[in-house]
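Numbering (my numbering), first residue to last: 3 to 107.
Right under this line is the structure:
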């Protein structure tokens with residue numbers, strides 16, 4: 003079962019990263035860095051890729067952390083604007099309709 007193997011790999015990665023993080027930062031108490039669950043998805047086509055790409059960029063807007071994806075410090079949105087993936091930043095406060103029904107939380 004591929005999904006089972008992926009789950010085991012991801013669980014191991016998260017466990018080892020947290021363990022190393024705690025050592026590097028001298029933390030001896032319990033620490034939770036990760037969500038309990040994850041959602042994996044195979045990209046089916048170019049439109050599906052674009053939808054997920056938009057979802058990643060607009061998620062901080064959707065949750066009210068920023069007004070525009072370019073305001074999120076950890077985003078690659080500006081990088082992709084500069085390369086022409088997004089045609090205009092003027093609409094960056096409007097969540098694209100193609101991601102309206104996408105909710106993975």
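Using N, Cα and C, we set each Cβ at its ideal position, and we do this for glycine too. Since the structure is predicted, the reported quantities are computational estimates derived from the model, not experimental observations.
Determine, for residue i, whether the minimum Cβ-Cβ distance to residues of chain D falls below 8 Å.
{"i": "residue 58", "result": "Reference to chain D is not applicable here, since this structure consists of a single protein chain."}
What does a CB cutoff of less than 6 Å around residue i pick up in its chain, not counting 5 residues either side in sequence?
{"i": "residue 96", "result": "none"}
Could you name the residues of the same chain whose beta carbon sits closer than 8 Å to that of residue i, not counting the 5 residues immediately before and after it, in chain order?
{"i": "residue 12", "result": "40"}
{"i": "residue 53", "result": "100, 101 and 104"}
Three-state secondary structure (DSSP) at residue i?
{"i": "residue 29", "result": "coil"}
{"i": "residue 61", "result": "helix"}
{"i": "residue 96", "result": "coil"}
{"i": "residue 78", "result": "coil"}
{"i": "residue 87", "result": "coil"}
Residues in its own chain within less than 7 Å of residue i by CB, not counting five upstream and five downstream?
{"i": "residue 99", "result": "none"}
{"i": "residue 51", "result": "45"}
Under the rule that 16 or more other beta-carbon atoms within 10 Å means buried, what is residue i, buried or exposed?
{"i": "residue 29", "result": "exposed"}
{"i": "residue 88", "result": "buried"}
{"i": "residue 63", "result": "buried"}
{"i": "residue 19", "result": "exposed"}
{"i": "residue 14", "result": "exposed"}
{"i": "residue 43", "result": "exposed"}
{"i": "residue 38", "result": "exposed"}
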